[in-house]
Every structure is written in C-alpha cells, then in structure tokens.
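Number 63 in UniProt numbering belongs to position 63 of the sequence shown; there are no gaps in the numbering. In this text, a Cβ means the ideal position worked out from N, Cα and C, and glycines have one as well. Bear in mind the structure is a predicted one, so any value in this text is a computation, not a measurement.
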Amino acid sequence: MASLRKASKSHARSYKERSQPASRAHLGFLEKKKDYKERAEDFQRKQNTIKRLKRKALNRNPDEFYFNMVKTQKLDGVHQEKEEAEPVHTEAELKLMFSQDQKYVTMKRTSELNKIERLKSSLHLVDNDTAPQNKHIVFVDTDKEVKEFDAAKHFGTHPSLVNRRFNRSSLESLKKLELRGNLNEEDLKKVSKEKEQRYRELVKRIQREKDLHVIQQKMEMKKNLMDKKDKRTKLQEETKSSAPVYRWRHKRKR
Numbered sequence: 001m002a003s004l005r006k007a008s009k010s011h012a013r014s015y016k017e018r019s020q021p022a023s024r025a026h027l028g029f030l031e032k033k034k035d036y037k038e039r040a041e042d043f044q045r046k047q048n049t050i051k052r053l054k055r056k057a058l059n060r061n062p063d064e065f066y067f068n069m070v071k072t073q074k075l076d077g078v079h080q081e082k083e084e085a086e087p088v089h090t091e092a093e094l095k096l097m098f099s100q101d102q103k104y105v106t107m108k109r110t111s112e113l114n115k116i117e118r119l120k121s122s123l124h125l126v127d128n129d130t131a132p133q134n135k136h137i138v139f140v141d142t143d144k145e146v147k148e149f150d151a152a153k154h155f156g157t158h159p160s161l162v163n164r165r166f167n168r169s170s171l172e173s174l175k176k177l178e179l180r181g182n183l184n185e186e187d188l189k190k191v192s193k194e195k196e197q198r199y200r201e202l203v204k205r206i207q208r209e210k211d212l213h214v215i216q217q218k219m220e221m222k223k224n225l226m227d228k229k230d231k232r233t234k235l236q237e238e239t240k241s242s243a244p245v246y247r248w249r250h251k252r253k254r
C-alpha cells in the first residue's frame with residue numbers, strides 16, 4: 001500500500017502558490033501566509049510590551065525611593081541631573097586605564113623615555129640638573145705658562161669651540177669641511193625646518209611621558225587601595241595631573 005501511495009503522489013500536480021499579477025508586479029512579491037504570520041506576531045509582541053509598560057506606569061508608587069533621586073534635583077518642577085564636579089581624569093586617561101593594564105602603560109612610558117633620550121642626543125640637549133659637573137684640568141709648570149695659557153691653541157681648535165663639551169672639532173678637521181660653501185639657502189631652510197619639527201616632536205613626547213607617568217601612578221594607587229583591610233588616611237585628593245596621596249598605618253612585621 002505504501003508503494004501505491006508513493007506512486008500516486010508522483011503523478012500528483014505540484015503545489016504552486018498564487019503569484020503576483022503582472023499588473024501589480026511593481027509592488028514586489030505577493031505576501032505569503034508565513035510572511036503575514038511573522039508580521040502579525042511581531043505586531044502582537046509590540047502591543048503586549050506597550051500594555052505592560054502602561055500597566056507598570058499606572059501601578060507606580062510616586063512616594064517610592066529610587067537611587068536616581070540622589071543624583072537629580074528639581075528645577076521649575078522638572079527633575080534634572082545634578083551637575084557633577086570637574087572630572088579628575090581626562091578622556092584619554094580613562095580610555096587607557098580601562099582598556100590596558102599597568103604593564104602596558106609601563107612599557108609605553110619606557111619606550112617614550114628611550115625616544116626622548118635619542119632625540120635629545122641628536123639635538124645635543126642636556127638638562128641643566130642632569131648635566132655633568134666635571135671639569136677639564138690642565139697642569140702647567142710655571143706661573144708664566146698659566147698667564148700665557150691659550151685653551152684654543154692647547155686643544156687645537158677654534159676659539160669659539162673651546163667652551164663646548166661635545167663636537168669640539170680640531171682645526172685640521174675644520175679645514176677639510178667645506179659644508180658652508182656647498183649649502184645654499186634652500187638647503188639651510190630645509191635643515192632648519194627639520195630641526196624645528198624634531199623639537200616639536202620632542203615637546204610632544206615629553207608631555208606624553210608625563211601623562212603616562214600620571215596614569216601609572218593612579219593605577220598603582222588603585223591597586224594598593226583594593227585591599228580594604230588596611231587602614232589609611234587620605235592626605236591629598238586626586239587631580240588630573242597627580243594621583244591621590246594616602247598614608248597607611250604602620251604594621252609591625254612578625
């Protein structure tokens with residue numbers, strides 16, 4: 001019997017749904033029952049959500065406390081959010097603090113310090129507080145030699161280069177160099193422009209290193225504050241340019 005049913009089905013006419021008439025072809029495909037069902041269920045779902053929200057609004061107790069009331073104030077009968085104090089973090093600090101960890105900040109700061117040192121060495125910059133205080137002492141035999149001592153002649157360089165601590169070229173090397181005669185005005189402008197760009201880059205990198213240092217201090221302090229057991233006293237509030245300062249109670253080591 002099963003084989004007969006299968007054989008009869010093979011000769012049956014294939015099912016075809018009604019298509020869109022040619023005169024209405026510009027309106028697109030004709031909506032089928034499954035399309036109507038999906039659209040109707042979506043409509044009923046939205047209507048039920050609206051009814052539920054209306055019922056919730058009607059049953060709401062106006063005297064009930066909500067935590068949002070702490071952050072709002074009533075002005076001219078309208079509840080408005082209170083204006084918060086000036087944020088202690090900049091947007092860049094917040095993004096970096098919440099997206100990266102302390103090791104990443106330390107690595108980036110170390111990289112910036114290395115780049116700053118390379119720029120300073122290329123631009124012949126030495127900080128006054130870190131400049132070496134050593135002196136070049138020359139010993140002579142008599143007082144006459146002291147009075148007649150000529151540093152330029154002794155070092156074999158030009159008098160304008162005597163006070164230099166770096167790149168003190170000798171007269172022989174200066175004679176071999178003919179850079180000034182080969183450089184035209186355009187080359188000098190190009191060199192000056194490149195030097196100015198490197199100075200600007202140095203200023204930006206120094207500022208970035210300072211910002212990373214502040215973020216590193218704040219993250220370190222936040223890590224120290226995670227331990228709630230240790231008692232501490234706040235000595236200084238947190239600002240955009242500095243981390244908060246706490247003093248912990250001294251614990252006697254066992």
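First through last residue of the alpha helix (DSSP H) which encompasses residue i
i: His154; result: Ala151 to Phe155
i: Leu75; result: First-last for Leu75: Thr72 to Leu75, but that is the beta strand (DSSP E), not the alpha helix (DSSP H).
i: Glu81; result: From DSSP, Glu81 is part of no alpha helix (DSSP H) but of the beta strand (DSSP E) over Val78 to Glu81.
i: Val140; result: First-last for Val140: undefined, no H or E at that position.
i: Val88; result: First-last for Val88: undefined, no H or E at that position.
i: Ser111; result: Gln102 to Ser122
i: Thr49; result: Lys33 to Leu58
Residue interval of the beta strand (DSSP E) (run including residue i)
i: Tyr15; result: No beta strand (DSSP E) holds Tyr15; DSSP gives it neither H nor E.
i: Arg232; result: Arg232 to Gln236
i: Arg247; result: Val245 to Trp248
Backbone CA spacing between residue i and residue j [nearest angstrom]
i: Leu119; j: Lys193; result: 15 Å
i: Leu4; j: Arg45; result: 46 Å
i: Gln80; j: Leu58; result: 22 Å
i: Glu220; j: His213; result: 11 Å
i: Arg205; j: Lys135; result: 32 Å
i: Asp143; j: Ile137; result: 15 Å
i: Ala12; j: Lys6; result: 10 Å
i: Asn68; j: Lys82; result: 10 Å
i: Lys231; j: Phe65; result: 33 Å
i: Trp248; j: Lys229; result: 11 Å
i: Thr90; j: Lys189; result: 38 Å
i: Ala25; j: Lys33; result: 19 Å
i: Lys56; j: Asp35; result: 32 Å
i: Lys218; j: Tyr246; result: 12 Å
Cβ-based burial, residue i [other Cβ within 10 Å; buried from 16]
i: Thr157; result: buried
i: Val146; result: exposed
i: Glu112; result: buried
i: Lys71; result: exposed
i: Ile50; result: exposed
i: Ala92; result: exposed
Counterpart residues of residue i in DSSP-defined beta bridges
i: Tyr199; result: In the DSSP output, where bridge partners are listed per residue, Tyr199 has none listed.
Any non-hydrogen atom of the ligand HEM closer than 7 Å to residue i Cβ
i: Lys144; result: This structure lacks the ligand HEM, and indeed carries no ligand of any kind.
May I ask you to verify whether the region 134 to 153 touches the region 222 to 241, counting CB pairs closer than 8 Å and requiring at least 3? no
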